[in-house]
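The next block holds one structure in the form of structure tokens; read it before the comments.
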Amino acid sequence: MPGSTGKTRTAKAGETARRDQDSNSYVYGVVPADVELDPETRGVGDPPGRIKLVRHGEIAALVSDIVLDRPLGRPDDLLAHQRLLDATAAEVPVLPFRFGAVVSNSEAVVEELLGPNHDDFLAALKELEGRAEYVVKGRYVERVVIGEVLAEDPEAARLREEIRGRPEEATWDARIQLGQMIGEAVAAKRDADTAALVDALAPTCVGVVVREPTHEQDAAHVAVLVDTDRRAEFEKVLDEFGERWAGRIDLRLLGPLAPYDFVVAPGQGG
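Residue 270, in this note's numbering, is where the sequence shown stops; the numbers in between run on with no holes.
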């Protein structure tokens, strides 16, 4: 938990202080009931709301009071939601809720969320104990991957020569055709490179999810769930790919992150 004292997860008094009557409860996610929360932790809102715990049985919801006097969705709110959950996931299991989950009050958090789903939430948290999500992103070096396409496809190379040095308006059709050919070739390379990466990482992971590319030059975009005691093994495989792909694909490892790709709280959509 952000600001927690490490392995000790004993509740502090005053964490479930009452809301002001004109505010609602914004829900970030669900954690074990015995976590320790830094009372200075803040979340969404202007000013940012103080995070508290609403407990029920063996689980608790991370919530903050929020006055709905403006629409949610500002970049600062989205970042606050994400940062809180990612920081929490770095220390304790957490079931993340999608951005924008608001209920009327703390009683509704228990009655609508924690009570009906207590056993499912608890089981999911136990599955996440000792595990963390990471995201691996690979981005092609543009000049290198285009060079590969031109070397492998004579027609693409011919079109490239046809338009070289000529006005754009005179070569419009050829440019469109070449762009389509390069895009299709890069997509095929992405599929092959992603498959190779997944095959290599899968034995070191609990789960692997291939995400949609976020950029036309993406080489891979993969989420993994890793046992923390196997992280070194996982990173060794990733380092080997980094060396193999050096100068062709730039690899980045992000995390630990809230495990959206592997668990989603009921009613929060996949």
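Glycine is no exception: its CB is placed at the ideal position from the N, C-alpha and C atoms.
In chain order, Gly29, Leu85, Ala258 and Tyr260 place their CB closer than 6 angstroms to the CB of Pro96, counting only its own chain and leaving out the 5 sequence neighbours on each side. Among the bridge pairs identified by DSSP, Arg139 is matched with Asp218 and Asp250. Annotated three-state conformation of Leu72 is coil, per DSSP. Following the DSSP letters along the chain, one finds Arg55 inside the beta strand (DSSP E) bounded by residues Ile51 to His56. Under the three-state reduction of DSSP, Val209 is assigned to strand. The beta carbon of Leu238 lies closer than 8 angstroms to those of Val136, Leu201, Leu251 and Leu253 in the same chain, with the five residues before and after it left out. Contact between Tyr26 and Val92 does not hold, since the beta-carbon distance rounds to 20 angstroms and is not under 8 angstroms.
DSSP places Gly179 inside the alpha helix (DSSP H), whose first and last residues are Trp172 to Leu201.
Taken through DSSP and simplified to helix, strand or coil, Pro116 comes out as helix. Contact annotation: Thr171 and Glu184 have beta-carbon atoms that are not nearer than 9 angstroms. Here DSSP, grouped into helix, strand and coil, assigns Pro96 to strand. When the beta-carbon positions are compared, Arg231 and Ala87 stay at least 9 angstroms from each other.
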